[in-house]
Amino acid sequence: MSYVVEDIARQLKAARLRKNLSQRDLAEKVGVPQSHISRIENGNVDIRVSSLIEFARVLDLELSLVPRKLVPTVQSIIRSSETEQFTKAESMQKAVQQLNRIHKLSDELSHKYKNINELARVSRLAEQLKTIPAVTQQFEQLDKINKQLKQFQKGIGDISYIQNAFKELQSMRNSLVYATDDASHRIEEPQPAYRLDEDEGQDNG
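Rendered as C-alpha cells:
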C-alpha cells in the first residue's frame with residue numbers, strides 16, 4: 079500500500095469515526111457494500127475519484143489539489159483542528175458523566191426523601207444541562223455539586239446541601255442559556271450617528 083493510499087484511507091476512517099458512523103452506516107449512505115468500505119479503509123482497493131468525491135460529500139470533507147510546498151502547512155492545520163475537536167469532545171464527555179451521576183443520585187434520593195422537592199428539580203436540571211455545549215466549562219462546579227449530593231446521601235450534610243445544589247444548577251442553566259441566546263440571537267439595532275432637528279420638531283405641526 080502506497081503512502082498516498084494509506085493516508086487517504088486513514089483520513090476517511092477518521093472522518094467516519096468523528097461522525098459516529100459504522101462501516102455499515104457509511105456503506106448505506108454511499109450506496110456500496112460494507113465489505114467495500116472495509117477494503118478501502120484497509121488500503122486493499124484503489125478507490126476511484128468519483129467514489130472518493132461521494133465519500134467526501136457524506137463525511138463533510140472537501141477534495142482539493144494542494145501545492146506540494148503547502149502540504150505541511152495544510153496538514154498542520156488539520157492536526158490542530160482534529161486536536162481541538164477531540165479536546166472539546168472529551169470535555170463534553172466528562173461534563174455529561176458528571177451530570178449523569180447527579181441525575182442518577184438525585185433520582186435515588188428523591189425516592190427516599192419524597193418531601194424534598196428540590197431533588198426532582200436537580201434531576202431535571204441535570205438532564206437539561208446535557209443539551210448545552212457550554213456546560214463543558216462547568217466541570218469543577220458539577221464535580222462539587224456531585225460531592226454535595228454524595229455527602230447528603232451518607233448523612234454528612236443536611237437539606238441545605240440539596241438546596242444549594244439546586245440553586246447552583248439553576249443559576250448555571252440560566253447563565254449558560256442566556257449566554258447562548260445572547261451570542262446567537264441578539265442583534266442590536268443600529269443607532270443613528272446624529273438626529274436631524276426636523277425629527278425633533280415633527281410633531282409640532
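Count the sequence shown with our numbering and you get residues 79 to 283, in order. Virtual Cβ for every residue (Gly too), placed ideally from N, Cα, C.
Selected residue, minimal CA-CA separation from residue i, among the options
i: ALA212; options: ASN224, HIS181 and VAL174; result: VAL174
i: GLU106; options: ARG117, PHE133 and ILE86; result: PHE133
i: GLU196; options: LEU207, ALA243 and LEU183; result: ALA243
i: ALA87; options: TYR191, ASP185 and ILE118; result: ILE118
i: GLN206; options: ARG102, LYS190, VAL255 and HIS189; result: VAL255
i: GLN171; options: VAL108, SER129, LEU104 and PHE217; result: PHE217
i: GLN176; options: LYS91, ASP236, ALA204 and LEU141; result: ALA204
i: ILE210; options: ASP124, ASN193, VAL123 and SER169; result: SER169
Alpha-carbon to alpha-carbon, residue j and residue i
i: THR214; j: GLN153; result: 28 angstroms
i: VAL245; j: THR161; result: As written in the sequence, residue 245 is Lys, which differs from the Val given in the question. Cα to Cα, LYS245 sits roughly 35 angstroms from THR161.
i: LEU187; j: LYS232; result: 11 angstroms
i: ASP178; j: ASP221; result: Residue identity check: residue 178 is Asn in the sequence provided, not Asp. Going from the Cα of ASN178 to the Cα of ASP221 covers about 11 angstroms.
i: SER63; j: ILE234; result: Any property of residue 63 remains undetermined from this structure, which presents the chain solely from 79 to 283.
i: ARG96; j: SER238; result: 42 angstroms
i: ALA257; j: LYS147; result: 42 angstroms
i: ASP138; j: GLN101; result: 16 angstroms
i: GLN112; j: GLY121; result: 14 angstroms
i: PRO150; j: ALA167; result: 26 angstroms
i: GLU84; j: LYS208; result: 38 angstroms
i: GLN241; j: LEU130; result: 56 angstroms
i: GLN248; j: HIS181; result: 14 angstroms
i: VAL108; j: ARG251; result: 40 angstroms
i: HIS189; j: ALA198; result: 9 angstroms
i: ASP124; j: LEU90; result: 13 angstroms
i: LEU99; j: GLN219; result: 33 angstroms
Exposure label - residue i; buried when at least 16 CB within 10 Å
i: GLN229; result: exposed
i: ASN224; result: buried
i: GLY283; result: Residue placement at GLY283 cannot be trusted, given a pLDDT of 47 that sits under 50; what the coordinates show is reported in the next sentence. By the 10 Å Cβ count, GLY283 comes out exposed.
i: LEU227; result: buried
i: SER201; result: buried
i: ILE156; result: exposed
i: SER253; result: exposed
i: SER184; result: buried
i: ARG73; result: Because the chain in this structure spans residues 79 to 283, residue 73 falls outside the shown range and cannot be described.
i: LEU143; result: exposed
i: LEU104; result: buried
Interface flag, residue i vs chain B, CB-CB below 8 angstroms
i: LEU139; result: Absent from the structure is chain B; it holds one protein chain and no more.
*Counting only runs that start and end within the stretch 91-120, where is the alpha helix (DSSP H) found for 4 or more residues in a row?*
List check, alpha helix (DSSP H) in window: 101-108 and 112-119.
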